[in-house]
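Just so you know, the sequence shown maps onto residues 1 to 835 in full-length UniProt numbering. Glycine is no exception: its CB is placed at the ideal position from the N, C-alpha and C atoms. What follows is a single structure, written as structure tokens, with notes after it.
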Amino acid sequence: MPKNLLIVESPAKAKTINKYLGKDFHVLASYGHVRDLVPKEGAVDPDNGFAMKYEVIERNEKHVDAIAKAAKGAEHLFLATDPDREGEAISWHIAEILRERGLLKDRSLERVVFSEITPRAIKEAMAKPRSVSGDLVNAQQARRALDYLVGFNLSPVLWRKVQRGLSAGRVQSPALRMIVEREEEIEAFVPREYWTVEAALAHPSQPFSARLLKLAGKKFEQFDLTNARDAEAARERLLARAGGKLVVSEVVSKERKRRPSPPFITSTLQQEAARKLGFSTSRTMRVAQKLYEGVTIGDEGTVGLISYMRTDSTHLSQEAVAELRQAIVRDFGEHALPPTANEYKTKSKNAQEAHEAIRPTSALRAPKSVAAFLDPDGARLYELIWKRAIACQMIPATLNTVTVDLAAGPDDAFRASGTTVVDPGFLAVYEEGKDAKSADDDDEGRKLPAMRQGEAIPLSSILTDQHFTEPPPRFSEASLVKALEEYGIGRPSTYASIIQTLLNREYVLLDARRFRPTDVGRAVAKFLSGHFTQYVDYDFTAKLEDELDAVSRGEEDWVPLMARFWKPFKALVEDKSESVDRSEATGERVLGTDPKSGKPISVRLGRYGPMAQIGTKDDEEKPTFASLRPTQSIHTITLEDALQLFRLPRTLGKDGEEDVTVGVGRFGPFAKRGATYASLAKEDDPYTIELDRALFLIRQKEEIAANRIIKSFDGSKIQVLNGRFGPYLSDGEMNGKIPKDREPASITLAEAQEFMAATGKPVRKGWGRKGVAKKAPAKKATKAPTVTVAKQAPAKKAVKKAAKKAAKKTPAKKAAKKAAKKTPAKKAAPPRASA
Numbered sequence: 001m002p003k004n005l006l007i008v009e010s011p012a013k014a015k016t017i018n019k020y021l022g023k024d025f026h027v028l029a030s031y032g033h034v035r036d037l038v039p040k041e042g043a044v045d046p047d048n049g050f051a052m053k054y055e056v057i058e059r060n061e062k063h064v065d066a067i068a069k070a071a072k073g074a075e076h077l078f079l080a081t082d083p084d085r086e087g088e089a090i091s092w093h094i095a096e097i098l099r100e101r102g103l104l105k106d107r108s109l110e111r112v113v114f115s116e117i118t119p120r121a122i123k124e125a126m127a128k129p130r131s132v133s134g135d136l137v138n139a140q141q142a143r144r145a146l147d148y149l150v151g152f153n154l155s156p157v158l159w160r161k162v163q164r165g166l167s168a169g170r171v172q173s174p175a176l177r178m179i180v181e182r183e184e185e186i187e188a189f190v191p192r193e194y195w196t197v198e199a200a201l202a203h204p205s206q207p208f209s210a211r212l213l214k215l216a217g218k219k220f221e222q223f224d225l226t227n228a229r230d231a232e233a234a235r236e237r238l239l240a241r242a243g244g245k246l247v248v249s250e251v252v253s254k255e256r257k258r259r260p261s262p263p264f265i266t267s268t269l270q271q272e273a274a275r276k277l278g279f280s281t282s283r284t285m286r287v288a289q290k291l292y293e294g295v296t297i298g299d300e301g302t303v304g305l306i307s308y309m310r311t312d313s314t315h316l317s318q319e320a321v322a323e324l325r326q327a328i329v330r331d332f333g334e335h336a337l338p339p340t341a342n343e344y345k346t347k348s349k350n351a352q353e354a355h356e357a358i359r360p361t362s363a364l365r366a367p368k369s370v371a372a373f374l375d376p377d378g379a380r381l382y383e384l385i386w387k388r389a390i391a392c393q394m395i396p397a398t399l400n401t402v403t404v405d406l407a408a409g410p411d412d413a414f415r416a417s418g419t420t421v422v423d424p425g426f427l428a429v430y431e432e433g434k435d436a437k438s439a440d441d442d443d444e445g446r447k448l449p450a451m452r453q454g455e456a457i458p459l460s461s462i463l464t465d466q467h468f469t470e471p472p473p474r475f476s477e478a479s480l481v482k483a484l485e486e487y488g489i490g491r492p493s494t495y496a497s498i499i500q501t502l503l504n505r506e507y508v509l510l511d512a513r514r515f516r517p518t519d520v521g522r523a524v525a526k527f528l529s530g531h532f533t534q535y536v537d538y539d540f541t542a543k544l545e546d547e548l549d550a551v552s553r554g555e556e557d558w559v560p561l562m563a564r565f566w567k568p569f570k571a572l573v574e575d576k577s578e579s580v581d582r583s584e585a586t587g588e589r590v591l592g593t594d595p596k597s598g599k600p601i602s603v604r605l606g607r608y609g610p611m612a613q614i615g616t617k618d619d620e621e622k623p624t625f626a627s628l629r630p631t632q633s634i635h636t637i638t639l640e641d642a643l644q645l646f647r648l649p650r651t652l653g654k655d656g657e658e659d660v661t662v663g664v665g666r667f668g669p670f671a672k673r674g675a676t677y678a679s680l681a682k683e684d685d686p687y688t689i690e691l692d693r694a695l696f697l698i699r700q701k702e703e704i705a706a707n708r709i710i711k712s713f714d715g716s717k718i719q720v721l722n723g724r725f726g727p728y729l730s731d732g733e734m735n736g737k738i739p740k741d742r743e744p745a746s747i748t749l750a751e752a753q754e755f756m757a758a759t760g761k762p763v764r765k766g767w768g769r770k771g772v773a774k775k776a777p778a779k780k781a782t783k784a785p786t787v788t789v790a791k792q793a794p795a796k797k798a799v800k801k802a803a804k805k806a807a808k809k810t811p812a813k814k815a816a817k818k819a820a821k822k823t824p825a826k827k828a829a830p831p832r833a834s835a
């Protein structure tokens, strides 16, 4: 048994490092976080110094047990989790678990950190061990506690005032506000008409065009011409003044240098991968993780191809720069190499987290040499990272810009510009992507013919063109990450998590790769902006991030920071829980009057989504309701469109003596005949579907139901059923698996009971056995927070965990497992500075 145990986060990393360290080391993976806050109220105790109660994450219990077992036979323990706050916290939690189990007695425990997985980096890290950083752990714990307190206290307010099941996140909420405010800008935008004027010139060597610069003695501005009549008058004036030619009044040639962009940090990698590769932020980080952890490259074996991908530092080590310069000379020649290395300053104050920029672990490993060993995504992302790193150490590009002013008489003039590349420099390798094209981009690469002052250039024509101003674009993943970074909301490692959380909660949708807020998302953002203004304020959020950074640097104590946040936040939650009117929170909007009943028609966010309503709760007759269509919004729907919604339910005809109808229910559009309901397919529209199609769906549903039961057992609720993914067992409350080697129809009752006991899991919450929705039991509002933090299990899943465990284990089994394996929940004191 090896005497040295080294613990990393991922199994892929463990496999790679084990090869480097050899037989004297046993390398195990923690599979991410090993402990999290207990999923119930009181996990963070503000009245007791914000002490936190932790428990081992259920899915990682077996990995924790494997680490503990290996630790018993080891003499030296090394914690080599990722080199950031989350990684530091994981190391601390592992150390705490081992300490509680009495496994650190007479054993050394040290922390090692490396930003790339190569033999050299691992060797250097092992030669410089340190203790666990209490400052980094404190910062991570403070962030976790803040997110927990926000989720557990703010989410129930949303449930009562807006809609059940909603949640609020400390960092996600300002990001959502950003998307919603952009949508409101777009809706409020009023286009303005304007006209441009361009001259087409017939130079003997090359025709070219020029934009209007001066009109009637004044510089021509965007909104000087705002209608066709004025544009045509300007055109006639210019033609008359020009007399068939424009005279060159000035020629200016300027040479300028364009410096390369810095090497990638997390945010710029995410932005460029979105622009150039079409990757989402989560996809970028997933692919980068694989490149970092190690890939098998021919005779080299398994090696990490890039440095750590969660960083906000543009620093490059001397060794890395030396190799980049070597690769530049090899691939582009001595001319492309500057006399001294290019240096880039990092914005981050966090020296302990500012490792290196994202770069290839060996610049000499060109993309073509490794492409055959990578999947397409990995090859494309590696090439992007390699090119950016190479380019950052190359000479600037030298560009020549020629600007020519051409007069059409004394008071009118045009201008033409062209930019040519004198020396491409770094542009031979890489050019940074752009979110939007500017007018100057049209001049890039454009070469004008040689002209001299006083030369007359024949005028072919003068063209006018109508334009309308456009609203600001919706955020793409790249532009949202850029905005989050500019505002200081979140940190590089959290951007992918922020975006994924908003998508998972369906607060936003991706429409043509742009974020569009849903009605639910808008309601949440408006409620929080209106009543918890400070906590979704961009400056406040950024300041809190800075304070957490100060904790990570040891400049601030985390407990006073928590106290300053908690006291006013808790008071505001209590006040708003009582004072806010729900109709305001649901975005209720009156559209007009129903022509048939004379009652008001309004739209709002209802219990099951956006809805229209005829009448009010104060009327003698109950109001009539209708769900909005998926493409409609309560913020933009018109009265006419809302009236169309009340055409449902529709009667399509009869099948025998029974009516066939279509409608929209809690779970979407459906067709109905008698007691049989059948969901419509995505391509079916309940407003236009015809009788034959509805009957086909109903009969298809009946056929499936008829073939659903494979076998029943007298005196037992257990049945063998056909399901979407094959045969399974169910008693209506629990579903169980059938072994692959058993014929479902031949299973006996005793076997079915045995299989259910071994594999049974609760039926999906809120659904009965026949797919009919059941009313969920009433719950206390404080029992289900949703808090998401990068690299941690969402609390939403953790909340379900306790119920799942209770259902799948007998009390005796549960107690025995808990006593034998589980780390007991405890109130954690502030972490020590060393483990």
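### Query
Using DSSP with H/G/I as helix, E/B as strand and the rest coil, what is Tyr-148?
For the purposes of this step, residue 148 is taken as residue 148 along the sequence shown, with counting starting at 1. Looking at Tyr-148 - three-state DSSP - the assignment turns out to be helix.
#### Entry: Three-state class that DSSP yields for Asp-452 in the structure shown
Locating residue 452 in the sequence shown gives position 452, counting from the first residue. Looking at the sequence itself, residue 452 is Arg, so the reference to Asp does not match. It is coil, neither helix nor strand.
#### Entry: Extent of the continuous alpha helix (DSSP H) run through Ile-94
Position 94 of the sequence shown, counted from the first residue, corresponds to residue 94. 85–100 is the span of the alpha helix (DSSP H), which, as asked, contains Ile-94.
### Task
Please classify Pro-785: is it buried, with 16 or more other beta-carbons within 10 angstroms of its beta-carbon, or exposed?
Position 785 of the sequence shown, counted from the start, is the residue given in the question as residue 785. Only weak support exists for where Pro-785 lies, its pLDDT of 31 falling under 50; the value from the coordinates is given anyway. Label assigned to Pro-785: buried.
### Query
Are there 16 or more other CB atoms within 10 angstroms of the CB of His-467, so buried, or fewer, so exposed?
Taking the first residue of the sequence shown as 1, we reach residue 467 at position 467. Label assigned to His-467: exposed.
### Query
Just reading off the beta strand (DSSP E) that Phe-515 is part of, what are its end residues?
Taking the sequence shown and counting its residues from 1, one reaches residue 515 at position 515. Note, Phe-515: beta strand (DSSP E), 514–517.
### Task
Jot down the residue ranges of each uninterrupted beta strand (DSSP E) in the segment 712–751, minimum 3 residues, whole runs only, in chain order.
719–723, 726–730 and 734–736
### Task
Could you tell me whether the Cβ atoms of Arg-241 and Ala-408 are closer together than 8 Å?
By one-based count along the sequence shown, residue 241 stands at place 241. By one-based count along the sequence shown, residue 408 stands at place 408. Yes; because the gap between Cβ atoms is below 8 Å, this pair is in contact.
### Message
Using only the alpha-carbon positions, how far apart do Lys-654 and Gly-592 sit?
### Response
Residue mapping note: residue 654 aligns to position 654 of the sequence shown, counting from 1. Residue mapping note: residue 592 aligns to position 592 of the sequence shown, counting from 1. Spanning the two alpha carbons is a distance of roughly 35 Å.
### Task
Measure the Cβ-Cβ separation of residue 839 and Leu-176 and say whether it is below 8 Å.
The question about residue 839 has no answer here: the residues shown for the chain are numbered 1 through 835.
### Query
Quick one: is Gly-454 near chain B, going by C-beta distance under 8 Å?
Of the chains in the structure shown, none is chain B; there is only one protein chain.
### Query
Among Ala-456, Lys-672 and Ile-94, which residue has its Cα nearest to the Cα of Val-247?
In the sequence shown, counting from the first residue as 1, residue 247 sits at position 247. Cα-wise, what sits closest to Val-247 is Ala-456.
### Query
Taking the Cβ atom as the reference point for each residue, do Thr-419 and Val-252 lie within a distance shorter than 8 Å?
Here residue 419 corresponds to residue number 419 of the sequence shown, with the count starting at 1. Here residue 252 corresponds to residue number 252 of the sequence shown, with the count starting at 1. No, Cβ-Cβ distance for Thr-419 and Val-252 is not below 8 Å.
### Query
Rounded to a whole number of angstroms, what is the C-alpha to C-alpha distance between Leu-213 and Arg-237?
Start at 1 with the first residue of the sequence shown, and residue 213 comes out as number 213. Start at 1 with the first residue of the sequence shown, and residue 237 comes out as number 237. The straight-line gap from Cα to Cα measures roughly 14 Å.
### Message
Tell me which residues share the same chain as Lys-801 and place their Cβ nearer than 7 Å to its Cβ, disregarding the 5 neighbours each side in the sequence.
### Response
Locating residue 801 in the sequence shown gives position 801, where the first residue counts as 1. Bear in mind that the predicted position of Lys-801 carries a pLDDT of just 41, short of 50, making it too unreliable to give a figure here.
### Query
Do Pro-630 and Thr-616 come within 8 Å of each other at the CB atom, strictly closer than that value?
Looking up residue 616 in the sequence shown gives position 616. Looking up residue 630 in the sequence shown gives position 630. In this structure, Pro-630 does not lie closer than 8 Å to Thr-616 by Cβ.
### Query
Considering Thr-284, what are the terminal residues of the beta strand (DSSP E) in which it resides?
Along the sequence shown, read from residue 1 onward, the residue named residue 284 stands at position 284. Not the beta strand (DSSP E): Thr-284 falls in the alpha helix (DSSP H), residues 281–293.
### Query
Under a three-way DSSP split, which group does Val-27 fall into?
Counting from one through the sequence shown, the residue named residue 27 turns up at place 27. The answer is strand: DSSP assigns Val-27 an E or B state.
#### Entry: Cβ neighbour criterion (16 or more within 10 Å) applied to Leu-166
The residue labelled residue 166 in the question sits at position 166 within the sequence shown. Burial call: buried.
### Query
Name the DSSP beta bridge partners of Phe-625, please?
Your numbering for residue 625 matches position 625 in the sequence shown. According to DSSP, which records beta bridges pairwise, Phe-625 is partnered with Gln-613.
### Three-state class that DSSP yields for Ile-17 in the structure shown
Within the sequence shown, the letter at position 17 stands for residue 17. If DSSP states are grouped into helix, strand and coil, Ile-17 belongs with the helices.
### Task
Let me know the secondary structure DSSP gives Asp-412 once reduced to three states.
As a working mapping, residue 412 is identified with position 412 in the sequence shown. Correct three-state label for Asp-412: coil.
### Extent of the continuous alpha helix (DSSP H) to which residue 843 belongs
Missing from the structure shown is residue 843; the chain here goes from 1 to 835 and no further.
### Task
May I ask you to report which of helix, strand or coil DSSP gives Ser-267?
The residue given as residue 267 occupies position 267 in the sequence shown. Three-state result, Ser-267: helix.
### Message
So if DSSP puts Gly-418 in a beta bridge, which residue, or which two residues, is it bridged to?
### Response
Translated into the one-based positions of the sequence shown, residue 418 becomes position 418. BP columns for Gly-418 point to Val-402.
### Task
Rounded to whole angstroms, what's the CA-CA distance from Asp-731 to Thr-748? Just pull it up for me.
Mapped onto the sequence shown, residue 731 falls at position 731. Mapped onto the sequence shown, residue 748 falls at position 748. Cα-Cα distance, rounded: 15 Å.
### Message
Cutting at 7 Å between CB atoms, please list the residues of its own chain near residue 882, excluding the five before and the five after it.
### Response
With the chain running from 1 to 835 in the structure shown, residue 882 is simply not present.
### Query
If you run the structure through DSSP and keep just helix, strand and coil, what is Lys-368?
Here residue 368 refers to the residue found at position 368 of the sequence shown. In this structure, Lys-368 counts as helix in the three-state DSSP scheme.
### Query
For Gln-644, which option in Asp-549, Ala-671, His-635 and Pro-686 has the closest C-alpha, if you only look at C-alpha atoms?
Here residue 644 corresponds to residue number 644 of the sequence shown, with the count starting at 1. It is Pro-686 whose Cα lies nearest to the Cα of Gln-644.
#### Entry: Span separating the alpha-carbon of Glu-300 from that of Lys-290
Looking up residue 300 in the sequence shown gives position 300. Looking up residue 290 in the sequence shown gives position 290. The alpha-carbon atoms of Glu-300 and Lys-290 are separated by roughly 17 Å.
### Query
For the segment 308–323 against the segment 263–270, are there 3 or more C-beta pairs whose distance is under 8 Å?
yes
#### Entry: Status (buried if at least 16 other CB within 10 Å, exposed otherwise) for His-335
Start at 1 with the first residue of the sequence shown, and residue 335 comes out as number 335. The residue in question, His-335, is exposed, as its Cβ has fewer than 16 Cβ neighbours within 10 Å.
### Task
Please report the Cβ distance between Leu-384 and Ala-273, rounded to the nearest whole angstrom; I am assuming they are in contact, meaning their Cβ atoms lie under 8 Å.
What you label residue 384 is simply residue 384 of the sequence shown in a count that begins at 1. What you label residue 273 is simply residue 273 of the sequence shown in a count that begins at 1. Indeed they touch by this definition, with Cβ atoms about 6 Å apart.
### Query
With Arg-256 and Thr-401 assumed to form a contact (beta carbons below 8 Å), what rounded beta-carbon distance in angstroms separates them?
Position 256 of the sequence shown, counted from the start, is the residue given in the question as residue 256. Position 401 of the sequence shown, counted from the start, is the residue given in the question as residue 401. At roughly 7 Å, the Cβ-Cβ gap stays under 8 Å, so Arg-256 and Thr-401 are in contact.
### Query
Which residues bound the alpha helix (DSSP H) around Tyr-495?
For this step, residue 495 is matched to residue 495 along the sequence shown. Where Tyr-495 is concerned, the enclosing alpha helix (DSSP H) stretches over 495–504.
### Task
Put Gln-632 into one of helix, strand or coil per three-state DSSP.
Along the sequence shown, one-based indexing puts residue 632 at 632. Reduced to three states, the DSSP call for Gln-632 is coil.
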